[in-house]
Amino acid sequence: MFKQDVKTITQDAGTFYDTIFNHPKDNVNKEIKSFVREFESNRNNRNMSRRLRQDPYQQDRKQFMDNQNQAKQEFDNEFKEREQKLIKEYRTMMEEALRGVYDPSASVTSNITSGSSSKHNDFH
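Heads up: the sequence shown runs through residues 61 to 184, numbered per the numbering used here.
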């Protein structure tokens, strides 16, 4: 279809220039007006065709961005959940270590905490 349009435009352009150079002014004005009308019509068709071609790509791009945002949101939620679990576990471990319930040899952090608290208790 595009090749046919190019061929038609080329023939019309040839007719247009032939009319301009070889015919009186009245014919030239008519030919110019018809050429401009046809050019405007073709431009409108090209714009419509361009919009039709872009629509599926825009939809795909929108779908991709939505999926990407959803995956990011899921990752953020999972990360926050894991972070909260770790914080809770750390607090529990610290409380047990301070009370003497937690085995101090199980963690480096609890060794430091329980060691300093036992030294503190030795002074009093």
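The C-beta atom is built at its ideal place from N, Cα and C for all residues, glycine as well.
Rounded to a whole number of angstroms, what is the C-alpha to C-alpha distance between residue i and residue j?
i    : j    : result
K148 : E156 : 12 Å
M153 : Q144 : 14 Å
F96  : F135 : The sequence given here has Val at residue 96, not Phe. Rounded to the nearest angstrom, the two C-alpha atoms are 57 Å apart.
N129 : Q123 : 10 Å
R103 : K93  : 15 Å
L158 : L146 : 18 Å
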